[in-house]
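**Student:**
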Amino acid sequence: ASILSDPDSHKRKSHITSAMIDKWGDHLATQKDNIKTRSSYISNVKRLSTWLNVEGKPLNFDSVDLFLKSVSNKRNTLNGYLAACKNFWNWATKYDQRFRALFTDKPNPFLNHDLPKTTASRAENYIAFTVEEVEQLFNEAMNKRDTNLAYLIVFGAYTGARIEEIGRISKDTTVFENEIPSYFKILEAKTKAGIREVPIPTGLIPLYTHLLEQSALNEGFLFAGKKNKNGERLNALGKRFGRLKERLGFSTLHAFHSFRGTAITQMHQAGVPYKEVIVYIVGHSQDNITLGVYSSGPSMKQKRDAIEKLKFNFAQIKSFS
Numbered sequence: 001a002s003i004l005s006d007p008d009s010h011k012r013k014s015h016i017t018s019a020m021i022d023k024w025g026d027h028l029a030t031q032k033d034n035i036k037t038r039s040s041y042i043s044n045v046k047r048l049s050t051w052l053n054v055e056g057k058p059l060n061f062d063s064v065d066l067f068l069k070s071v072s073n074k075r076n077t078l079n080g081y082l083a084a085c086k087n088f089w090n091w092a093t094k095y096d097q098r099f100r101a102l103f104t105d106k107p108n109p110f111l112n113h114d115l116p117k118t119t120a121s122r123a124e125n126y127i128a129f130t131v132e133e134v135e136q137l138f139n140e141a142m143n144k145r146d147t148n149l150a151y152l153i154v155f156g157a158y159t160g161a162r163i164e165e166i167g168r169i170s171k172d173t174t175v176f177e178n179e180i181p182s183y184f185k186i187l188e189a190k191t192k193a194g195i196r197e198v199p200i201p202t203g204l205i206p207l208y209t210h211l212l213e214q215s216a217l218n219e220g221f222l223f224a225g226k227k228n229k230n231g232e233r234l235n236a237l238g239k240r241f242g243r244l245k246e247r248l249g250f251s252t253l254h255a256f257h258s259f260r261g262t263a264i265t266q267m268h269q270a271g272v273p274y275k276e277v278i279v280y281i282v283g284h285s286q287d288n289i290t291l292g293v294y295s296s297g298p299s300m301k302q303k304r305d306a307i308e309k310l311k312f313n314f315a316q317i318k319s320f321s
């Protein structure tokens, strides 16, 4: 009874139990499609529960503040923890009878935290590869006879797509015109803007067609891969890319994400308008609210004209022509 009247008095055991987290995880599966996001949410709340147990702290604002300071000083990381914990709190105070009895009259301890300021997100801080660097990476992969990695680099450069978006390209997501691959659909993304149709530039068609011919060996996908616990098919290939770029002396500010910067830079410098066309190709959010609401975006021809501005010398794939 004393615990019910004062939940803060019971400080040695977290009120967030493993059984609750399991039930909440089942609920998350009905609310969030992205496996990686769900896994991250569950991991973050488990870490909080463990910390509360070890430190013998009650679940309140001050404890959460201490916990966040023990985790990281990076704003994006802390926002990820708060998002997970807020989601758990909302579920627990609604669906878990014991938790609701303890905390229904308590303020949400995950609200109104002042996080460290940051000038840009990690993705915004990545440095775009130059055209020459892209070709250097491709040639190095080919010289090491890692053709799958070399082909992945070509796809990243020619489309500006994220690595896992490329990993989900299949014959089923490809649209053909006169039996030639014309564009592909990205049907899964973290944001609405990420769901899009990307034209296949002329320089990519020979390799794209070659991989389509082999796709039956990869369950219909263009690239061979195996899903990890987060549902990512190309995680192993991505790690090989990380080792490749480190071997060539690139910094931590260069990543596969940097190919998006390469594509955006080339198109922008060629005169393609960013907000009106480029964002629809790479899947960035549309900042212009009015345009985002009232416009369906550029036509496929406009996007194709833009993506044809991407020029690279991948000599060793011309044999597919």
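Numbered according to UniProt numbering, the sequence shown terminates at residue 321, and the numbering increases by one at each position without gaps.
C-beta: ideal position from N, C-alpha, C; glycine also.
For clarity, every value in this text was computed on a predicted model and none was experimentally measured.
Can you look up PRO206 in the DSSP assignment and give me helix, strand or coil?
**Tutor:** In the structure shown, PRO206 sits in a helix (DSSP, three-state: H, G or I).
**Student:** With DSSP collapsed to three states, give me the class of SER182.
**Tutor:** In the structure shown, SER182 sits in a strand (DSSP, three-state: E or B).
**Student:** Kindly list the residues whose CB is nearer than 6 Å to the CB of PHE259, restricted to its own chain and excluding five residues on each side of it in sequence; keep chain order.
**Tutor:** Cβ neighbours of PHE259 beyond the five flanking positions: GLY156, ALA157.
**Student:** Taking THR174 as part of the beta strand (DSSP E), name the residues at either end of that continuous run.
**Tutor:** From DSSP, the beta strand (DSSP E) with THR174 extends over 174 to 177.
**Student:** In angstroms, rounded to a whole number, what distance separates the CA positions of GLU188 and GLN31?
**Tutor:** C-alpha separation (whole angstroms): 15 Å.
**Student:** Count the other CB atoms, across all protein chains shown, that sit within 10 Å of the CB of VAL54; report buried if there are 16 or more and exposed otherwise.
**Tutor:** Exposed is the call here.
**Student:** Going by DSSP, name the residue or residues bridged to PRO199.
**Tutor:** DSSP output for PRO199 lists TYR183 as bridge partner(s).
**Student:** Under 8 Å, with one C-beta from each stretch per pair, do the segment 87 to 94 and the segment 128 to 138 reach the 3-pair mark?
**Tutor:** With the cut-off at 8 Å, the segment 87 to 94 and the segment 128 to 138 do not touch.
**Student:** Can you tell me where the alpha helix (DSSP H) with VAL277 in it begins and where it stops?
**Tutor:** Here VAL277 belongs to no alpha helix (DSSP H), and DSSP marks it neither H nor E.
**Student:** Just how far apart, CA to CA, sit HIS27 and VAL131?
**Tutor:** Each residue's alpha carbon lies about 46 Å from the other.
**Student:** Looking at LEU212: is its Cβ nearer than 8 Å to the Cβ of THR174?
**Tutor:** Yes, Cβ-Cβ distance for LEU212 and THR174 is below 8 Å.
**Student:** So, is ARG247 buried or exposed, given that buried needs 16 or more other C-beta atoms within 10 angstroms?
**Tutor:** Exposed, since its Cβ has fewer than 16 Cβ neighbours within 10 Å.
**Student:** Tell me whether residue 329 sits in a helix, a strand or coil according to DSSP, three-state version.
**Tutor:** Here the chain comprises residues numbered 1 to 321, so residue 329 is not present and cannot be evaluated.
**Student:** Leaving out five residues before and five after ASP22 in sequence, what residues of the same chain have Cβ atoms less than 7 Å from its Cβ?
**Tutor:** Correct list: empty, nothing qualifies.
**Student:** Taking the alpha-carbon of PRO109 as reference, which of SER39, ALA83, LYS117, PHE241 has the nearest alpha-carbon?
**Tutor:** Cα-wise, what sits closest to PRO109 is ALA83.
**Student:** Expressed to the nearest angstrom, what Euclidean distance is found between the alpha-carbon atoms of MET142 and GLY249?
**Tutor:** Cα to Cα, the separation comes out at about 17 Å.
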